[in-house]
Amino acid sequence: MEFLAETTLWSAYVGLLIFLGLLALVGLALFGFTVYVAFREGVSVGGAVISVLAALLISIISAVIIQTVNGGPDVEYTVLITDYNEVFAQGYEIVRQEGSLTVLKKLGGR
Numbered sequence: 537m538e539f540l541a542e543t544t545l546w547s548a549y550v551g552l553l554i555f556l557g558l559l560a561l562v563g564l565a566l567f568g569f570t571v572y573v574a575f576r577e578g579v580s581v582g583g584a585v586i587s588v589l590a591a592l593l594i595s596i597i598s599a600v601i602i603q604t605v606n607g608g609p610d611v612e613y614t615v616l617i618t619d620y621n622e623v624f625a626q627g628y629e630i631v632r633q634e635g636s637l638t639v640l641k642k643l644g645g646r
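Residues 537 to 646 (the working numbering) make up the sequence shown, in order.
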């Protein structure tokens, strides 16, 4: 197995982070609005439920953002393969074939 190129997929990684950040801002705005309405007009059951759901949304999105940042962007390797058993033994998976070249990705991490 001969490695020819290494490609880091930065655009998908940055795009995902921007999308998750915007989603977190929407959740934060929703939470802030429900807290504002609760202080201004009193606490209602509907407002409390929306507030709890918004807080849950923010928590889940924060956990996904942390996991995404810790994982980093995906990396693909363009290789010439002579023995396919070696590919799987070293922990790679085949992403696609491009003629005689094969694009691989490391399994279980970067």
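Cβ atoms here follow ideal geometry from the backbone N, Cα and C, with glycine treated the same way.
- Look at residue 637 here: in three-state DSSP terms it is strand.
- The beta carbons of residue 640 and residue 628 sit closer together than 9 Å.
- Between the alpha carbons of residue 575 and residue 551 lies a gap of roughly 36 Å.
- About 6 Å separates the beta carbon of residue 613 from that of residue 539, a gap short enough to meet the 8 Å contact definition.
- In this structure residue 599 is exposed. Its beta-carbon is surrounded by fewer than 16 other beta-carbon atoms within 10 angstroms.
- Taking C-alpha positions only, residue 570 is separated from residue 607 by approximately 33 Å.
- Per DSSP, residue 540 is one residue of the beta strand (DSSP E) stretching across 538-544.
- Rounded to whole angstroms, the gap between the alpha carbons of residue 545 and residue 609 is 6 Å.
- The Cβ atoms of residue 555 and residue 594 do not sit closer than 9 Å to each other.
- Beta-bridge analysis with DSSP links residue 611 to 544.
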